[in-house]
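What follows is a single structure, written as structure tokens, with notes after it.
Protein chains: 2
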Amino acid sequence: MTAVAAPPDALGIGEVAAATGLTQDTLRWYEREGLLPLVGRTRDGRRTYGPAALRFVRLVQALRRTGMPVADVRAFVQAGGGELATHPVRMGLLLAHEAQVQARIAELEDDLAVLRAKVQEYRHLIAHGLDCEDG
Amino acid sequence: MTAVAAPPDALGIGEVAAATGLTQDTLRWYEREGLLPLVGRTRDGRRTYGPAALRFVRLVQALRRTGMPVADVRAFVQAGGGELATHPVRMGLLLAHEAQVQARIAELEDDLAVLRAKVQEYRHLIAHGLDCEDG
DNA sequence: CTAGGAGCTGGAGTGCGCTCCAGCGCAAGT
DNA sequence: ACTTGCGCTGGAGCGCACTCCAGCTCCTAG
Chain L
4 MTAVAAPPDA LGIGEVAAAT GLTQDTLRWY EREGLLPLVG RTRDGRRTYG
54 PAALRFVRLV QALRRTGMPV ADVRAFVQAG GGELATHPVR MGLLLAHEAQ
104 VQARIAELED DLAVLRAKVQ EYRHLIAHGL DCEDG
Chain V
4 MTAVAAPPDA LGIGEVAAAT GLTQDTLRWY EREGLLPLVG RTRDGRRTYG
54 PAALRFVRLV QALRRTGMPV ADVRAFVQAG GGELATHPVR MGLLLAHEAQ
104 VQARIAELED DLAVLRAKVQ EYRHLIAHGL DCEDG
């Protein structure tokens with residue numbers, strides 16, 4: 004098959020790429036940048052992603068998509084390696100980011116309202132056969 | 004005051020920057036890039052923003068903040084200059100973008116759910132004094 | 001008359017986040 | 001033995017959206 008010595012349910016980088024939508028290049032780059040700590044290797048050097056690693060990839064993906072800078076993701080990762088004592092720190096970072104994401108969503112919704120208002124304006128102008136005073 | 008020959012309620016670039024949160028550099032750059040067609044000039048060459056221009060700046064700002072690339076904003080701008088005949092085109096572009104923004108918000112909300120689940124996981128682990136199997 | 005403040009232009013530079021190689025290794029199928 | 005597929009490394013390059021000058025002009029207040 005694919006792996007040299009396949010540990011039960013470990014995936015190769017190609018499979019993780021397919022499963023997440025990230026490219027292989029991005030996965031490798033994230034790892035070099037210290038965003039993905041749980042990735043293993045087969046004897047011949049290929050990356051191996053166990054279930055926990057895959058969950059972690061998805062978490063990082065959620066953080067990135069919600070606009071957390073790579074440096075901050077790294078800080079989150081380095082804030083602990085799964086030990087109980089570090090949980091509050093990581094949780095705090097997540098909560099802070101959560102607030103920012105909510106703010107971002109609110110802003111998007113405000114901007115969306117602006118766009119909708121403009122659409123309405125066009126409808127109105129069309130209905131009345133008018134030009135637009137604004138550009 | 005500020006202007007050379009101040010037309011009624013025209014603003015200077017500094018005032019527009021203050022009013023919108025964009026920098027003067029960004030406003031000038033947007034204009035060079037063709038995103039801001041309604042900006043006038045005083046006799047001595049300074050930019051002048053009338054009410055319509057200001058509204059247009061806010062529209063462009065909404066488009067940019069919602070993730071529309073500069074090139075697409077330019078296309079929107081070039082799709083017409085306010086004449087009735089061009090309204091449907093611009094409206095179509097706005098509607099298409101609107102759909103994308105909604106999709107983006109939905110994605111953000113999904114990702115937010117992932118983050119919240121992780122926070123819950125940490126709460127649980129802390130409550131039970133456990134390490135985390137994932138990183 | 002001078003100084004200060006706002007603004008102008010053109011162009012170079014920056015930060016971020018990937019993205020794209022070239023050149024190579026292992027391993028399994030035919 | 002050879003091809004095909006999957007993956008590896010290190011490093012260069014890229015696209016986007018600004019951002020930051022240097023050197024200048026003009027106007028107004030003191």
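Line by line, the protein sequences give chains L and V. Counting from 4, one number per residue, gives the positions in the first sequence under this note's numbering. Counting from 4, one number per residue, gives the positions in the second sequence under this note's numbering. Glycine residues also receive a C-beta, built at the ideal position from the N, C-alpha and C atoms.
Between residue 96 of chain V and residue 79 of chain V, what straight-line distance do the alpha-carbon atoms span, to the nearest angstrom?
Here residue 96 of chain V refers to the residue found at position 93 when the second sequence is read from its first residue. Here residue 79 of chain V refers to the residue found at position 76 when the second sequence is read from its first residue. Whole-angstrom Cα-Cα distance: 7 Å.
For residue 48 of chain L, which option in L:64, L:68, L:16 and L:32 has the closest C-alpha, if you only look at C-alpha atoms?
By one-based count along the first sequence, residue 48 of chain L stands at place 45. Nearest C-alpha to residue 48 of chain L: L:16.
Length of the line joining the Cα atoms of residue 100 of chain V and residue 71 of chain V:
If you number the second sequence from 1, residue 100 of chain V lands on position 97. If you number the second sequence from 1, residue 71 of chain V lands on position 68. Straight-line Cα distance between these residues: approximately 8 Å.
Since residue 95 of chain V is in the alpha helix (DSSP H), which residue starts that stretch and which ends it?
The count along the second sequence starts at 1 and reaches residue 95 of chain V at position 92. Unbroken alpha helix (DSSP H) run through residue 95 of chain V: 90-130.
Quick check: the Cα distance between residue 76 of chain V and residue 137 of chain L, rounded to an integer number of angstroms?
Walking along the second sequence from the start, residue 76 of chain V turns up at place 73. Walking along the first sequence from the start, residue 137 of chain L turns up at place 134. Approximately 15 Å, taken between the alpha carbons.
If we require 3 or more residues per run, which beta strand (DSSP E) segments fall completely within the segment 49-79 of chain L?
none
Residue 154 of chain V in three-state terms, based on DSSP
The displayed coordinates of chain V run from 4 to 138. Any statement about residue 154 of chain V would go beyond what the structure contains.
Going straight from the alpha carbon of residue 166 of chain V to that of residue 94 of chain V, what length do you get?
Nothing about residue 166 of chain V can be read from this structure; chain V reaches only from 4 to 138.
Residue-chain proximity (residue 79 of chain L, chain V), Cβ-Cβ < 8 Å:
Locating residue 79 of chain L in the first sequence gives position 76, where the first residue counts as 1. No, its Cβ sits nowhere closer than 8 Å to a Cβ of chain V.
Residue environment, residue 12 of chain L, which counts as buried when at least 16 other CB atoms sit within 10 Å
The residue you call residue 12 of chain L lines up with position 9 of the first sequence. With fewer than 16 Cβ atoms within 10 Å of its Cβ, residue 12 of chain L is classed as exposed.
With three or more beta-carbon pairs closer than 8 Å as the criterion, would you say the segment 25-39 of chain V touches the segment 113-127 of chain L?
no
Can you give me the Cβ contacts of residue 139 of chain L inside the same chain, cut-off strictly under 7 Å, excluding the 5 residues immediately before and after it?
In the structure as shown, chain L begins at 4 and stops at 138. Residue 139 of chain L is therefore absent and cannot be evaluated.
Given a cut-off of 8 Å, decide if residue 62 of chain L and residue 117 of chain V are closer than it, judged by their beta-carbon atoms.
Here the question's residue 117 of chain V lines up with position 114 in the second sequence. Here the question's residue 62 of chain L lines up with position 59 in the first sequence. In this structure, residue 62 of chain L lies closer than 8 Å to residue 117 of chain V by Cβ.
Short CB-CB distance (under 8 Å) between residue 19 of chain L and chain V
Sequence index remark: in the first sequence, residue 19 of chain L carries index 16 (1-based). Output row for residue 19 of chain L: interface = no.
Identity of the residue in V:91, V:22 and V:98 nearest residue 129 of chain L by Cα:
Along the first sequence, read from residue 1 onward, the residue named residue 129 of chain L stands at position 126. It is V:91.
On the CB-based measure, 16 or more other CB atoms within 10 Å of its CB, does residue 103 of chain V come out buried or exposed?
Within the second sequence, numbered from 1, the residue matching residue 103 of chain V stands at position 100. The residue is exposed, with fewer than 16 neighbouring Cβ atoms inside 10 Å.
For a quick check, are the C-beta atoms of residue 35 of chain L and residue 44 of chain L less than 8 Å apart?
To locate residue 35 of chain L, count along the first sequence from 1; it is residue 32. To locate residue 44 of chain L, count along the first sequence from 1; it is residue 41. Taking 8 Å as the Cβ cut-off, residue 35 of chain L and residue 44 of chain L do not qualify as a contacting pair.
On the three-state DSSP scale, how would you describe residue 133 of chain L?
Locating residue 133 of chain L in the first sequence gives position 130, where the first residue counts as 1. The answer is coil: DSSP assigns residue 133 of chain L none of H, G, I, E or B.
Measure the C-alpha to C-alpha separation of residue 114 of chain V and residue 46 of chain V and round it to an integer number of angstroms.
Walking along the second sequence from the start, residue 114 of chain V turns up at place 111. Walking along the second sequence from the start, residue 46 of chain V turns up at place 43. Rounded to the nearest angstrom, the two C-alpha atoms are 52 Å apart.
In angstroms with no decimal places, state the Cα-to-Cα distance between residue 23 of chain V and residue 64 of chain V.
Taking the first residue of the second sequence as position 1, residue 23 of chain V is located at position 20. Taking the first residue of the second sequence as position 1, residue 64 of chain V is located at position 61. So the two alpha carbons sit approximately 8 Å from each other.
For chain V, is any of its Cβ atoms less than 8 Å away from the one on residue 23 of chain L?
Counting from one through the first sequence, the residue named residue 23 of chain L turns up at place 20. No, its Cβ sits nowhere closer than 8 Å to a Cβ of chain V.
For residue 89 of chain V, which option in L:41, L:133, L:25 and L:14 has the closest C-alpha, if you only look at C-alpha atoms?
As a working mapping, residue 89 of chain V is identified with position 86 in the second sequence. Residue L:133 is the option with its Cα nearest to residue 89 of chain V.
Which class does residue 43 of chain L belong to by DSSP, given the choice of helix, strand or coil?
By one-based count along the first sequence, residue 43 of chain L stands at place 40. Residue 43 of chain L: strand per DSSP, three-state reduction.
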